[in-house]
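In full-length UniProt numbering, the protein residues as written are 1 to 293.
Ideal placement from N, C-alpha and C gives every residue a C-beta, glycine not left out.
The structure appears right after this line, and notes come after that.
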(Lines of atoms letter the chains of each structure in order from A and count residues from 1; the text may use other names and numbers.)
(Lines give C-alpha, C1' and ligand atoms only; values in the text may rest on other atoms or scores of the structure.)
Protein backbone atom coordinates (compact mmCIF):
# COMPACT_ATOMS: atom_id res chain seq x y z
CA UNK A 1 0.00 0.00 0.00
CA UNK A 2 1.34 3.42 -0.94
CA UNK A 3 2.06 5.72 1.99
CA UNK A 4 0.50 9.18 1.90
CA UNK A 5 2.67 12.11 2.92
CA UNK A 6 1.87 15.77 3.56
CA UNK A 7 1.74 17.88 0.44
CA UNK A 8 4.98 19.83 -0.03
CA UNK A 9 5.88 22.53 -2.56
CA UNK A 10 8.96 21.97 -4.66
CA UNK A 11 10.95 23.87 -7.26
CA UNK A 12 9.31 26.18 -9.67
CA UNK A 13 8.66 29.63 -10.96
CA UNK A 14 5.98 31.82 -12.44
CA UNK A 15 4.21 30.68 -15.59
CA UNK A 16 1.90 32.77 -17.75
CA UNK A 17 -0.67 30.01 -18.18
CA UNK A 18 -3.18 28.81 -15.56
CA UNK A 19 -1.77 26.11 -13.34
CA UNK A 20 -3.18 23.18 -11.37
CA UNK A 21 -3.82 23.80 -7.70
CA UNK A 22 -2.53 21.85 -4.70
CA UNK A 23 -5.41 19.59 -3.90
CA UNK A 24 -6.30 15.99 -3.30
CA UNK A 25 -9.79 15.52 -4.73
CA UNK A 26 -10.10 12.02 -3.26
CA UNK A 27 -8.46 11.47 0.14
CA UNK A 28 -8.49 7.73 -0.47
CA UNK A 29 -6.53 8.06 -3.72
CA UNK A 30 -2.89 7.01 -3.08
CA UNK A 31 -1.67 9.82 -5.30
CA UNK A 32 -0.44 13.20 -4.11
CA UNK A 33 -0.91 15.99 -6.63
CA UNK A 34 1.95 18.46 -6.49
CA UNK A 35 2.87 21.68 -8.16
CA UNK A 36 6.16 23.52 -7.66
CA UNK A 37 6.22 26.88 -5.94
CA UNK A 38 9.42 26.93 -3.96
CA UNK A 39 12.28 24.79 -2.75
CA UNK A 40 14.97 24.29 -0.15
CA UNK A 41 18.39 24.11 -1.77
CA UNK A 42 20.64 21.41 -0.26
CA UNK A 43 24.34 21.95 0.31
CA UNK A 44 25.06 19.25 -2.27
CA UNK A 45 25.09 20.64 -5.80
CA UNK A 46 22.11 19.42 -7.83
CA UNK A 47 21.13 19.38 -11.47
CA UNK A 48 17.73 20.28 -12.90
CA UNK A 49 15.72 17.38 -14.28
CA UNK A 50 12.66 17.42 -16.53
CA UNK A 51 10.51 14.45 -17.52
CA UNK A 52 10.03 15.80 -21.04
CA UNK A 53 12.60 16.41 -23.76
CA UNK A 54 15.02 19.21 -22.96
CA UNK A 55 14.31 22.37 -24.92
CA UNK A 56 17.35 24.17 -26.33
CA UNK A 57 18.55 27.08 -24.24
CA UNK A 58 19.00 30.54 -25.61
CA UNK A 59 22.46 31.84 -26.41
CA UNK A 60 24.01 35.15 -25.55
CA UNK A 61 23.41 37.92 -28.07
CA UNK A 62 26.72 39.00 -29.50
CA UNK A 63 30.17 37.56 -28.88
CA UNK A 64 33.00 38.69 -26.60
CA UNK A 65 35.67 40.69 -28.35
CA UNK A 66 38.61 38.59 -27.08
CA UNK A 67 39.58 34.96 -27.62
CA UNK A 68 39.70 34.30 -23.89
CA UNK A 69 36.26 35.84 -23.50
CA UNK A 70 34.84 33.65 -26.27
CA UNK A 71 36.40 30.57 -24.64
CA UNK A 72 34.90 31.52 -21.26
CA UNK A 73 31.50 31.92 -22.90
CA UNK A 74 31.71 28.46 -24.48
CA UNK A 75 32.71 26.92 -21.15
CA UNK A 76 29.83 28.72 -19.39
CA UNK A 77 27.32 27.49 -21.96
CA UNK A 78 28.67 23.93 -21.76
CA UNK A 79 28.36 23.90 -17.96
CA UNK A 80 24.87 25.37 -18.19
CA UNK A 81 23.84 22.62 -20.62
CA UNK A 82 25.38 19.97 -18.35
CA UNK A 83 23.28 21.27 -15.47
CA UNK A 84 20.07 19.99 -17.10
CA UNK A 85 19.14 16.33 -17.45
CA UNK A 86 16.14 14.34 -18.60
CA UNK A 87 14.66 12.62 -15.58
CA UNK A 88 14.83 8.83 -15.73
CA UNK A 89 14.23 5.87 -13.40
CA UNK A 90 17.18 5.26 -11.11
CA UNK A 91 17.99 8.92 -10.57
CA UNK A 92 17.94 10.54 -7.14
CA UNK A 93 15.68 13.56 -6.58
CA UNK A 94 14.91 15.85 -3.67
CA UNK A 95 11.44 15.66 -2.14
CA UNK A 96 10.53 17.21 1.19
CA UNK A 97 14.24 17.68 1.99
CA UNK A 98 14.94 13.94 1.61
CA UNK A 99 16.67 11.90 -1.12
CA UNK A 100 14.27 9.75 -3.14
CA UNK A 101 14.98 7.27 -5.92
CA UNK A 102 12.86 7.52 -9.08
CA UNK A 103 11.20 4.16 -9.76
CA UNK A 104 8.88 4.86 -12.69
CA UNK A 105 7.77 7.79 -14.84
CA UNK A 106 4.45 7.43 -16.67
CA UNK A 107 2.58 10.02 -18.68
CA UNK A 108 -1.08 10.16 -17.74
CA UNK A 109 -3.63 9.52 -20.47
CA UNK A 110 -5.90 12.56 -21.07
CA UNK A 111 -8.88 10.59 -19.77
CA UNK A 112 -7.04 10.10 -16.46
CA UNK A 113 -5.96 13.71 -15.97
CA UNK A 114 -6.88 15.13 -12.54
CA UNK A 115 -9.60 17.77 -12.62
CA UNK A 116 -7.15 20.60 -11.89
CA UNK A 117 -5.05 19.74 -14.92
CA UNK A 118 -8.12 19.43 -17.16
CA UNK A 119 -9.33 22.86 -16.08
CA UNK A 120 -5.88 24.42 -16.45
CA UNK A 121 -5.49 23.12 -20.00
CA UNK A 122 -8.97 24.25 -21.01
CA UNK A 123 -8.25 27.73 -19.64
CA UNK A 124 -4.89 27.80 -21.41
CA UNK A 125 -6.49 26.71 -24.70
CA UNK A 126 -9.30 29.25 -24.34
CA UNK A 127 -6.74 32.01 -23.76
CA UNK A 128 -4.87 30.99 -26.92
CA UNK A 129 -8.11 31.01 -28.95
CA UNK A 130 -8.96 34.53 -27.73
CA UNK A 131 -5.48 35.67 -28.71
CA UNK A 132 -5.95 34.05 -32.12
CA UNK A 133 -9.03 36.19 -32.68
CA UNK A 134 -7.11 39.28 -31.54
CA UNK A 135 -4.15 38.43 -33.77
CA UNK A 136 -1.78 38.02 -30.81
CA UNK A 137 -1.63 34.21 -30.61
CA UNK A 138 1.80 32.66 -30.03
CA UNK A 139 3.00 29.36 -31.47
CA UNK A 140 0.77 26.51 -32.57
CA UNK A 141 -2.60 25.65 -31.08
CA UNK A 142 -2.08 23.97 -27.65
CA UNK A 143 -2.54 20.20 -27.69
CA UNK A 144 -2.91 17.94 -24.68
CA UNK A 145 -0.21 15.59 -25.99
CA UNK A 146 2.42 18.35 -26.06
CA UNK A 147 1.20 20.78 -23.38
CA UNK A 148 4.12 21.74 -21.16
CA UNK A 149 2.05 21.12 -18.01
CA UNK A 150 0.57 17.74 -18.94
CA UNK A 151 0.60 15.43 -15.90
CA UNK A 152 3.06 12.62 -15.28
CA UNK A 153 2.80 9.95 -12.60
CA UNK A 154 6.11 9.63 -10.73
CA UNK A 155 6.80 6.75 -8.36
CA UNK A 156 9.51 7.39 -5.77
CA UNK A 157 11.11 5.43 -2.94
CA UNK A 158 13.44 6.60 -0.17
CA UNK A 159 17.05 6.04 -1.14
CA UNK A 160 18.03 2.59 0.09
CA UNK A 161 14.44 1.34 0.38
CA UNK A 162 13.68 0.76 -3.29
CA UNK A 163 12.55 -2.82 -2.59
CA UNK A 164 10.06 -1.81 0.11
CA UNK A 165 6.59 -1.32 -1.44
CA UNK A 166 5.32 0.19 1.81
CA UNK A 167 7.77 3.07 1.43
CA UNK A 168 6.77 4.04 -2.11
CA UNK A 169 5.37 7.49 -2.83
CA UNK A 170 3.28 8.22 -5.92
CA UNK A 171 3.10 11.79 -7.18
CA UNK A 172 1.51 13.58 -10.10
CA UNK A 173 3.61 16.45 -11.43
CA UNK A 174 3.48 18.56 -14.60
CA UNK A 175 5.97 17.90 -17.37
CA UNK A 176 7.43 21.36 -16.77
CA UNK A 177 8.32 20.59 -13.17
CA UNK A 178 12.00 21.19 -12.47
CA UNK A 179 13.23 18.38 -10.23
CA UNK A 180 16.34 18.73 -8.10
CA UNK A 181 18.52 15.80 -9.20
CA UNK A 182 21.11 14.64 -6.67
CA UNK A 183 24.41 12.88 -7.33
CA UNK A 184 25.04 9.50 -5.70
CA UNK A 185 27.17 11.18 -3.03
CA UNK A 186 25.26 13.73 -0.98
CA UNK A 187 25.36 15.29 2.49
CA UNK A 188 22.64 14.48 5.04
CA UNK A 189 22.04 15.38 8.68
CA UNK A 190 23.13 12.58 11.01
CA UNK A 191 20.44 13.47 13.54
CA UNK A 192 17.27 13.70 11.41
CA UNK A 193 18.17 12.34 7.97
CA UNK A 194 17.27 15.52 6.09
CA UNK A 195 19.53 16.71 3.33
CA UNK A 196 21.87 19.33 4.70
CA UNK A 197 20.99 21.97 5.67
CA UNK A 198 18.22 20.21 7.59
CA UNK A 199 15.10 21.91 8.91
CA UNK A 200 16.62 22.19 12.38
CA UNK A 201 19.77 23.87 11.07
CA UNK A 202 17.71 26.27 8.98
CA UNK A 203 15.46 27.08 11.96
CA UNK A 204 18.47 27.64 14.22
CA UNK A 205 20.05 29.95 11.67
CA UNK A 206 16.81 31.91 11.35
CA UNK A 207 16.49 32.12 15.14
CA UNK A 208 20.05 33.43 15.41
CA UNK A 209 19.27 36.09 12.80
CA UNK A 210 16.09 37.15 14.60
CA UNK A 211 17.87 37.27 17.96
CA UNK A 212 20.63 39.46 16.57
CA UNK A 213 18.06 41.73 14.92
CA UNK A 214 16.09 42.07 18.16
CA UNK A 215 19.28 42.91 20.07
CA UNK A 216 20.19 45.60 17.56
CA UNK A 217 16.65 46.96 17.54
CA UNK A 218 16.87 47.52 21.30
CA UNK A 219 19.47 50.21 20.58
CA UNK A 220 17.13 52.26 18.37
CA UNK A 221 16.31 55.68 19.86
CA UNK A 222 12.62 56.47 20.54
CA UNK A 223 12.03 58.60 17.41
CA UNK A 224 13.97 56.38 15.02
CA UNK A 225 12.69 54.44 12.05
CA UNK A 226 11.89 50.92 13.22
CA UNK A 227 13.29 49.58 9.96
CA UNK A 228 16.77 51.05 9.65
CA UNK A 229 17.17 52.55 13.12
CA UNK A 230 18.11 55.99 11.79
CA UNK A 231 16.38 59.19 12.81
CA UNK A 232 13.39 60.46 10.83
CA UNK A 233 14.10 64.09 9.94
CA UNK A 234 11.36 66.66 10.23
CA UNK A 235 10.94 67.07 6.47
CA UNK A 236 11.16 63.36 5.68
CA UNK A 237 8.00 61.49 4.83
CA UNK A 238 7.15 58.65 7.17
CA UNK A 239 4.70 55.78 7.67
CA UNK A 240 3.06 55.57 11.10
CA UNK A 241 1.07 52.64 12.50
CA UNK A 242 -1.45 53.54 15.21
CA UNK A 243 -1.36 51.76 18.52
CA UNK A 244 1.55 50.54 20.61
CA UNK A 245 4.93 49.73 19.08
CA UNK A 246 4.85 45.97 18.56
CA UNK A 247 8.61 45.67 18.06
CA UNK A 248 9.57 47.99 20.91
CA UNK A 249 6.71 47.94 23.44
CA UNK A 250 8.99 49.68 25.94
CA UNK A 251 8.87 52.85 23.84
CA UNK A 252 6.06 55.37 24.02
CA UNK A 253 4.22 56.20 20.86
CA UNK A 254 3.52 54.26 17.65
CA UNK A 255 5.98 52.62 15.32
CA UNK A 256 7.27 54.88 12.55
CA UNK A 257 9.19 54.11 9.38
CA UNK A 258 10.82 56.10 6.60
CA UNK A 259 8.55 56.31 3.56
CA UNK A 260 11.41 55.39 1.25
CA UNK A 261 12.20 52.34 -0.82
CA UNK A 262 15.10 51.37 1.41
CA UNK A 263 12.72 50.82 4.35
CA UNK A 264 9.69 49.60 2.38
CA UNK A 265 10.34 45.92 3.10
CA UNK A 266 10.36 46.61 6.85
CA UNK A 267 7.06 48.47 6.48
CA UNK A 268 5.56 45.38 4.83
CA UNK A 269 6.84 43.09 7.60
CA UNK A 270 5.51 45.35 10.33
CA UNK A 271 2.18 45.77 8.54
CA UNK A 272 1.66 42.00 8.60
CA UNK A 273 2.44 41.90 12.33
CA UNK A 274 0.18 44.92 12.95
CA UNK A 275 -2.73 43.40 11.00
CA UNK A 276 -2.35 40.12 12.87
CA UNK A 277 -2.39 41.98 16.20
CA UNK A 278 -5.50 43.91 15.13
CA UNK A 279 -7.26 40.69 14.18
CA UNK A 280 -6.32 39.04 17.47
CA UNK A 281 -7.55 42.03 19.42
CA UNK A 282 -10.86 42.03 17.54
CA UNK A 283 -11.41 38.34 18.25
CA UNK A 284 -10.66 38.89 21.92
CA UNK A 285 -13.37 41.56 22.26
CA UNK A 286 -16.34 40.30 24.32
CA UNK A 287 -19.59 39.97 22.41
CA UNK A 288 -22.85 41.46 23.64
CA UNK A 289 -24.99 38.47 24.49
CA UNK A 290 -27.96 40.67 25.39
CA UNK A 291 -29.85 40.99 28.62
CA UNK A 292 -31.20 37.61 29.72
CA UNK A 293 -33.22 39.04 32.59
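Non-local C-beta neighbours of residue 182 in its own chain, meaning closer than 7 angstroms and more than five positions away in sequence, comprise 44, 46, 92, 93, 94, 99, ordered along the chain. Bounds of the beta strand (DSSP E) holding residue 107 are 98-107.
For residue 124, the enclosing alpha helix (DSSP H) stretches over residues 115-134. Membership of residue 205 in the alpha helix (DSSP H) is indicated by the continuous run 199-217. In this structure, the straight-line span from the alpha carbon of residue 193 to that of residue 96 is close to 11 angstroms. A straight line joining the alpha-carbon of residue 105 with that of residue 154 spans about 5 angstroms. Taking every protein chain shown into account, the CB of residue 221 has fewer than 16 other CB atoms within 10 angstroms, so this residue is exposed. Assignment of residue 196 by DSSP, reduced to helix, strand and coil, places it in the coil class. The C-beta of residue 124 has 16 or more other C-beta atoms within 10 Å across all chains shown, which makes the residue buried.
Judged by DSSP in its simplified three-state form, residue 75 adopts helix. Exclusion of the five residues before and after residue 255 leaves 226, 241, 245, 246, 247, 270 as the residues of its chain whose Cβ lies within less than 7 angstroms of its Cβ. In the DSSP annotation of this structure, the continuous segment of the alpha helix (DSSP H) that includes residue 270 starts and ends at 261-284. Taking the Cα of residue 267 as reference, the smallest distance to any Cα among 238, 162, 201 is reached at 238. The closest CA to that of residue 229, considering only 218, 144, 235, is found on 218.
Taking residue 159 as the centre and dropping the five residues before and after it, the same chain places the C-beta of 92, 99, 100, 101 closer than 7 angstroms to its C-beta, in chain order.
With respect to the C-alpha of residue 223, the residue from 113, 202, 233 having the closest C-alpha is 233.
In this structure, the CA atom of residue 276 is about 20 angstroms from the CA atom of residue 263.
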